[in-house]
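A.B. asks: I'd like to ask some things about the structure below.
Numbering (our numbering), first residue to last: 12 to 129.
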C-alpha cells in the first residue's frame, strides 16, 4: 500500500502558474443577501399559488388584480435588491477592470427592461 500526499499551493493574485489553471467563478454582488432574496422569491411563489387558487375559485376580479399588484411589487423589491448588489459590487469590480462604461450601459439596459412592463 502506497501513501498519497496532496499539496495545495496558493499563489498571490496576479501570479500565473504554468500548469493547468481554472478561473474562479465570479462572485455575484447579491451573495451576502442571497438568503433574503430567496426567501422573498419563495413568498412570491406562494402569492402566485394563492392567485391561481383565487382564479380557480372564481374570486372577485378586483381582489385577484390586487394580489397580482402585490406580486409585482414584491418582484420589484427583488429586482431592486439585485440592482443594488450589482451597482455596489459588480460595477465596482468592472470599473477596476476598466469596463465601467460597458457595465453602466448593461445595467441601464436592464433598468430599461424593468421599466417597460405592460
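Don't be surprised by glycine CBs; every beta carbon is placed ideally from N, CA and C.
I'd like the span of the alpha helix (DSSP H) that includes residue 10, first residue to last.
C.D. replies: No answer is possible for residue 10: the residues shown for the chain start at 12 and end at 129.
A.B. asks: Nearest CA to the CA of residue 164: which residue from 78, 119, 100, 47?
C.D. replies: In the structure as shown, the chain begins at 12 and stops at 129. Residue 164 is therefore absent and cannot be evaluated.
A.B. asks: Whose C-beta lies closer than 8 Å to the C-beta of residue 111 among residues of the same chain, with five residues either side of it excluded?
C.D. replies: Locating residue 111 in the chain shown gives position 100, counting from the first residue. Around residue 111: 102, 105.
A.B. asks: Around the C-beta of residue 62, are 16 or more other C-beta atoms found within 10 angstroms, so that it is buried, or is it exposed?
C.D. replies: Residue numbering aside, residue 62 sits at position 51 when the chain shown is read from its first letter. Buried is the call here.
A.B. asks: For the alpha helix (DSSP H) containing residue 101, list its first residue and its last residue.
C.D. replies: Taking the chain shown and counting its residues from 1, the one referred to as residue 101 is at position 90. From DSSP, residue 101 is part of no alpha helix (DSSP H); its letter is neither H nor E.
A.B. asks: Take the Cβ of residue 123 as the centre, count every other Cβ of all protein chains shown within 10 Å, and call the residue buried at 16 or more, exposed below.
C.D. replies: Along the chain shown, read from residue 1 onward, the residue named residue 123 stands at position 112. Classification for residue 123: exposed.
A.B. asks: Distance, Cα to Cα, residue 73 vs residue 83?
C.D. replies: Here residue 73 corresponds to residue number 62 of the chain shown, with the count starting at 1. Here residue 83 corresponds to residue number 72 of the chain shown, with the count starting at 1. One C-alpha to the other measures close to 15 Å.
A.B. asks: When the distance is taken between beta carbons, is residue 90 closer than 8 Å to residue 54?
C.D. replies: In the chain shown, residue 54 corresponds to position 43, counting from 1. In the chain shown, residue 90 corresponds to position 79, counting from 1. For residue 54 and residue 90, no; Cβs fall outside 8 Å.
A.B. asks: Excluding five sequence neighbours on each side, which residues of the same chain lie with their C-beta closer than 8 Å to the C-beta of residue 32?
C.D. replies: For the purposes of this step, residue 32 is taken as residue 21 along the chain shown, with counting starting at 1. At residue 32, the pLDDT of 45 sits below 50, so the modelled position is not reliable; the number obtained from the coordinates is stated separately. None.
A.B. asks: Starting from the C-beta of residue 44, find all residues in its chain whose C-beta is less than 8 Å away, skip the five residues before and the five after it, and write them out in chain order.
C.D. replies: Within the chain shown, residue 44 is the residue found at index 33, counting from 1. Once the five neighbours on either side are set aside, the close Cβ partners of residue 44 are 92, 96.
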